[in-house]
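Report on the structure given below.
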């Protein structure tokens with residue numbers, strides 16, 4: 001199987017964003033003042049680690065032919081969960097709302113990738129499953145009140 005240049009570049013940029021998002025989420029977890037939102041962050045860390053592992057697994061397939069794309073062309077200029085307001089949040093409800101806003105950014109990126117008609121079916125499935133898991137991370141205000 002061969003992956004075309006454009007799709008490979010998009011997926012590599014997404015992978016770069018996932019790696020940086022993991023770093024941001026881990027920094028958020030280390031903040032003791034945000035102990036109330038730890039469960040919200042743990043679920044996102046697990047999801048980002050899962051998709052990271054799935055992408056690595058996909059790309060190490062020996063039957064996959066990858067185009068040459070310089071690393072400098074695959075660097076993400078932005079990432080998710082890096083908003084400074086996340087680090088200074090004072091209550092669980094607003095923290096959850098900010099996390100959902102960051103999730104939306106990731107979901108838009110997934111949507112952009114999956115819309116491509118030339119995306120391989122294996123990658124399309126991987127990203128669609130990732131999108132569904134990201135959507136399930138949303139917690140409603142009713143559930144927050146129970147916490």
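Residue numbers (our numbering): 1 to 147. Heads up, the beta-carbon is just placed ideally off N, CA and C, and yes, glycines get one too.
For the alpha helix (DSSP H) containing residue i, name the first residue and the last one.
{"i": "residue 15", "result": "5-30"}
{"i": "residue 97", "result": "92-114"}
{"i": "residue 86", "result": "84-87"}
According to the Cβ coordinates, are residue i and residue j closer than 8 angstroms?
{"i": "residue 5", "j": "residue 56", "result": "no"}
{"i": "residue 87", "j": "residue 28", "result": "yes"}
{"i": "residue 44", "j": "residue 99", "result": "yes"}
{"i": "residue 17", "j": "residue 79", "result": "yes"}
{"i": "residue 3", "j": "residue 67", "result": "yes"}
Please report the straight-line C-alpha distance between residue i and residue j, rounded to a whole angstrom.
{"i": "residue 111", "j": "residue 94", "result": "25 angstroms"}
{"i": "residue 132", "j": "residue 65", "result": "28 angstroms"}
{"i": "residue 125", "j": "residue 116", "result": "13 angstroms"}
{"i": "residue 12", "j": "residue 52", "result": "11 angstroms"}
{"i": "residue 97", "j": "residue 114", "result": "25 angstroms"}
{"i": "residue 121", "j": "residue 1", "result": "11 angstroms"}
{"i": "residue 40", "j": "residue 134", "result": "12 angstroms"}
{"i": "residue 118", "j": "residue 10", "result": "12 angstroms"}
{"i": "residue 61", "j": "residue 7", "result": "16 angstroms"}
Would the beta-carbon of residue i be found less than 7 angstroms away from any heavy atom of the ligand ATP?
{"i": "residue 124", "result": "Looking for the ligand ATP in the displayed structure turns up nothing, as the structure carries no ligands at all."}
Which one or two residues does DSSP pair with residue i in a beta bridge?
{"i": "residue 65", "result": "2"}
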